[in-house]
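Participant:
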Amino acid sequence: MAKSTSLLEKAYMVDATVELPLAGGTVTGPSVGAGTMVIAAGIELIDAVGSADYDVAVSAGALTFMATTAVDSDTAGTFVAGTQTPGVIAAADTIDVVATAGVSASADITARVFAIVVNVGDASRTAEEVDRDQLA
């Protein structure tokens, strides 16, 4: 009988420090492999956001994991998670921050994009684990 492994035993975090664009756009975040499920994603502001109209989302291609969320005039150290939508990344990709700014930010904004992920691909177990579990 195959051994059951809980989601918490396989979940891990990926992150990357990025410079958010001053007037909107996309910046590349951490890389993830094919067959990776993103359970939750967000950003931590390293610098304060001085703009009164600055929004961010976290996505990979057509998948949006954190919906567009306001970071208007937030202070350094603020965590932003917004509305979450889990999804599976089919091919290796990056988890990116998409910034939409109604008013340009007045200074560079450093942030850390993070995601809680789990490998749900077919090849997530080694041959030794499969053999061991079938013999048990």
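Numbering (numbering that gives the first Met the number 0), first residue to last: 0 to 135. In this text, a Cβ means the ideal position worked out from N, Cα and C, and glycines have one as well. None of the values given here were measured: they were computed from a predicted structure.
#1: Within a Cβ cutoff of 8 Å, which residues of the same chain sit near A141, ignoring the five residues on either side of it in sequence?
#2: How about V37 and G86: do their beta carbons lie closer than 9 Å?
#3: Restricting to Cα atoms, I'd like to know which of V116, A98, D52, V112 is closest to T15.
#4: For the beta strand (DSSP E) containing D14, list its first residue and its last residue.
#5: How many Å lie between V79 and E43 at the Cα?
#6: So within the region 29-102, which uninterrupted beta strand (DSSP E) runs reach at least 3 residues, ignoring any that extend past its ends?
#7: May I ask which residues mark the beginning and end of the beta strand (DSSP E) holding A110?
Facilitator: So, from the listed chains and residues:
#1: One cannot answer for residue 141 here, as it falls past the ends of the chain, which runs 0 to 135.
#2: Here residue 37 refers to the residue found at position 38 when the sequence shown is read from its first residue. Here residue 86 refers to the residue found at position 87 when the sequence shown is read from its first residue. Their beta carbons are under 9 Å apart, which means V37 touches G86 by this criterion.
#3: The residue you call residue 15 lines up with position 16 of the sequence shown. Here residue 15 is Ala; the residue named in the question, Thr, does not match the sequence. Considering only alpha carbons, the answer is V112.
#4: Residue 14 sits at position 15 when you count from the first residue of the sequence shown. Its beta strand (DSSP E) spans residues 11-19.
#5: Residue mapping note: residue 79 aligns to position 80 of the sequence shown, counting from 1. Residue mapping note: residue 43 aligns to position 44 of the sequence shown, counting from 1. Distance between the alpha carbons of V79 and E43 is about 6 Å.
#6: 35-44, 53-59, 62-69, 86-88, 95-100
#7: For this step, residue 110 is matched to residue 111 along the sequence shown. Per DSSP, A110 belongs to the beta strand (DSSP E) from 108-118.
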